[in-house]
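Keeping their order, the protein sequence lines are chains G and H. Our numbering puts the first residue of the first sequence at 159, with every later residue one more than the last. Our numbering puts the first residue of the second sequence at 159, with every later residue one more than the last. We treat Cβ as the ideally placed atom computed from N, Cα and C, and that holds for glycine.
2 protein chains.
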Amino acid sequence: MAADALSRVFEALADPTRRDMVARLAVGDATVNELAQPYDVTVQAVSKHLKVLQEAGMVSRTRQAQRRPVHLEAEVLDLMTKWIERYRTAPPEQGGPR
Amino acid sequence: MAADALSRVFEALADPTRRDMVARLAVGDATVNELAQPYDVTVQAVSKHLKVLQEAGMVSRTRQAQRRPVHLEAEVLDLMTKWIERYRTAPPEQGGPR
DNA sequence: TGGTTGCTCAACCAGATGGTTGAACACATG
DNA sequence: CATGTGTTCAACCATCTGGTTGAGCAACCA
Numbered sequence: 159m160a161a162d163a164l165s166r167v168f169e170a171l172a173d174p175t176r177r178d179m180v181a182r183l184a185v186g187d188a189t190v191n192e193l194a195q196p197y198d199v200t201v202q203a204v205s206k207h208l209k210v211l212q213e214a215g216m217v218s219r220t221r222q223a224q225r226r227p228v229h230l231e232a233e234v235l236d237l238m239t240k241w242i243e244r245y246r247t248a249p250p251e252q253g254g255p256r
Numbered sequence: 159m160a161a162d163a164l165s166r167v168f169e170a171l172a173d174p175t176r177r178d179m180v181a182r183l184a185v186g187d188a189t190v191n192e193l194a195q196p197y198d199v200t201v202q203a204v205s206k207h208l209k210v211l212q213e214a215g216m217v218s219r220t221r222q223a224q225r226r227p228v229h230l231e232a233e234v235l236d237l238m239t240k241w242i243e244r245y246r247t248a249p250p251e252q253g254g255p256r
């Protein structure tokens, strides 16, 4: 995949599992195990997904004993929004991109 | 890649070349050759990129003699915007997603 | 100390992606 | 009809992706 920030964010959200995780994290921080629970994949696979989100700057990790809670960092979404606003058909307000 | 519409749109825009093409098409329709001109790849490669954009519903093709002009269909971007708005840190207005 | 829990790293695999070249199709024009 | 232009299709290739299993590390607990 291309290495630029915008590409990483779009790429990260191109996977429904990852979008789902973002939705889950919007409710509150969660551990890898908690995030893996709804899905029919191994914890390792979920850990990989998180790595993608982390490299896109969308989540951060802390340490809490042996747990590594995941925290949503939604600021990067604004990067995408700024790009998209330029090409939307239905401008949310006049005057170009916010 | 996952087959759902939202994933296809995110995926399509995860490539800087394709984003660039969208930017070019926002100015006006263009043929495959015109679109390929700025890039250091074959016309076939550009044709493949267009196929991705088309399958994401972001462009349509007509026929004009032997040319097949490409037209931007920006409506699908709203799909993405709706998703994103839910998780942005800086809500453009109160009251949840538009 | 030794075991258990939470997580990551490494190696591997099947399938997708983005590029190539070469051939073919569609249409206009000599 | 033959040739040139614009585009796509097919086959191939290297690399990436999303999954697996197995091993290992870090921190708590008995």
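Residue i to residue j span [Cα, whole Å]
| i | j | result |
| --- | --- | --- |
| Leu208 of chain H | Asp236 of chain H | 20 Å |
| Gly254 of chain H | Ile242 of chain H | Any reading at Gly254 of chain H is ruled out, since the residue's pLDDT is 40, under 50, leaving its predicted position unreliable. |
| Ala214 of chain H | Ala223 of chain G | 44 Å |
| Val197 of chain H | Thr189 of chain H | According to the sequence shown, residue 197 of chain H is Tyr rather than Val. Near 14 Å, if we compare the C-alpha coordinates of Thr189 of chain H and Tyr197 of chain H. |
| Ala232 of chain H | Val210 of chain G | 27 Å |
| Thr220 of chain H | Arg176 of chain H | 19 Å |
| Arg226 of chain H | Arg166 of chain H | 23 Å |
| Asp178 of chain G | Lys206 of chain H | 29 Å |
| Val234 of chain G | Ala181 of chain G | 15 Å |
| Tyr245 of chain H | Val204 of chain H | 33 Å |
| Leu183 of chain H | Glu192 of chain H | 10 Å |
| Pro174 of chain H | Ser218 of chain G | 25 Å |
| Lys240 of chain G | Thr247 of chain G | 14 Å |
Neighbour flag for residue i against chain H, beta carbons, 8 Å
| i | result |
| --- | --- |
| Tyr245 of chain G | yes |
| Pro174 of chain G | yes |
| Met238 of chain G | yes |
| Glu213 of chain G | no |
| Glu169 of chain G | yes |
| Val199 of chain G | no |
| Asp162 of chain G | yes |
| Ala188 of chain G | no |
| Ala223 of chain G | no |
N- and C-terminal bounds of the alpha helix (DSSP H) containing residue i
| i | result |
| --- | --- |
| Arg246 of chain H | Segment: none, Arg246 of chain H is in no alpha helix (DSSP H) and carries neither H nor E. |
| Ala163 of chain H | Ala163 to Leu171 |
Whole-number beta carbon distance between residue j and residue i, since they are thought to touch under 8 Å
| i | j | result |
| --- | --- | --- |
| Val201 of chain H | Ala194 of chain H | 5 Å |
| His229 of chain H | Asp187 of chain H | 5 Å |
| Met169 of chain H | Ala172 of chain G | Looking at the sequence itself, residue 169 of chain H is Glu, so the reference to Met does not match. Glu169 of chain H to Ala172 of chain G, Cβ: 4 Å. Contact. |
| Leu164 of chain G | Met238 of chain G | 7 Å |
Neighbour flag for residue i against chain G, beta carbons, 8 Å
| i | result |
| --- | --- |
| Ser165 of chain H | yes |
| Met159 of chain H | yes |
| Leu193 of chain H | no |
| Leu235 of chain H | yes |
| Asp178 of chain H | no |
| Ala203 of chain H | no |
Which runs of the beta strand (DSSP E) at least 3 residues long sit entirely within the stretch 178-242 of chain G? Give them in chain order. 217-219 and 228-230
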